[in-house]
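Trainee: Residue numbers (this note's numbering): 1 to 120.
Glycine residues also receive a C-beta, built at the ideal position from the N, C-alpha and C atoms.
Okay, here's the structure, questions in a sec.
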């Protein structure tokens, strides 16, 4: 995982992330080498919360063909199935951009993609 951009986020990380309203961070995830050539049959975004936040943050995924961020909606806490191959890049990389929606900020325990497929 690598940070590819952020705005208004202190110590941007996929774990224990604090987001002020409208603050955002973007990450690129590239799987281990043995999974980089795996045919991907499914993509989900996992979003875990700290506390009792009612609103989910805004989640965008990078559309590799269009070269732009696309908002994923609706997003729920836990696993959100995306199931769209346009968000899978070279070497099965996935880029996620997360943005805070809560007026007084929100704590995110974790955010990351989950790929499914069959190793050959």
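Going by the C-beta, is residue 7 closer than 7 Å to any heavy atom of the ligand PLP?
Mentor: Among the ligands in the structure shown, none appear at all, so the ligand PLP cannot be discussed.
Trainee: Leaving aside the five residues before and after residue 71 along the sequence, list all residues of the same chain whose C-beta is less than 8 Å from its C-beta, in chain order.
Mentor: Around residue 71: 58, 59 and 60.
Trainee: According to DSSP, which residues form a beta bridge with residue 34?
Mentor: Note: residue 34 sits in no beta bridge, so no partner.
Trainee: Would residue 113 and residue 43 qualify as a contact pair, given that the criterion is a beta-carbon distance under 8 Å?
Mentor: Yes, the Cβ-Cβ distance between residue 113 and residue 43 is below 8 Å.
Trainee: Assign residue 47 to one of two classes, buried (16 or more other C-beta atoms within 10 Å of its C-beta) or exposed (fewer than that).
Mentor: Buried.
Trainee: Do the region 10-18 and the region 64-84 touch if we need at least three Cβ pairs shorter than 8 Å?
Mentor: Segments in contact, no.
Trainee: From residue 80 to residue 56, what distance separates their C-alpha atoms?
Mentor: Near 11 Å, if we compare the C-alpha coordinates of residue 56 and residue 80.
Trainee: Please report the straight-line C-alpha distance between residue 90 and residue 111, rounded to a whole angstrom.
Mentor: Those two C-alpha atoms are separated by around 21 Å.
Trainee: Confirm, please, whether the CB-CB distance from residue 101 to residue 39 is below 8 Å.
Mentor: Cβ atoms of residue 39 and residue 101: not closer than 8 Å.
Trainee: State the DSSP-derived secondary structure class of residue 105, mapped to helix, strand or coil.
Mentor: Coil.
Trainee: Helix, strand or coil: how does DSSP classify residue 85 here?
Mentor: Three-state result, residue 85: helix.
Trainee: So within the region 38-69, which uninterrupted beta strand (DSSP E) runs reach at least 3 residues, ignoring any that extend past its ends?
Mentor: Segments of the beta strand (DSSP E) lying fully in the region 38-69: 40-49 and 58-63.
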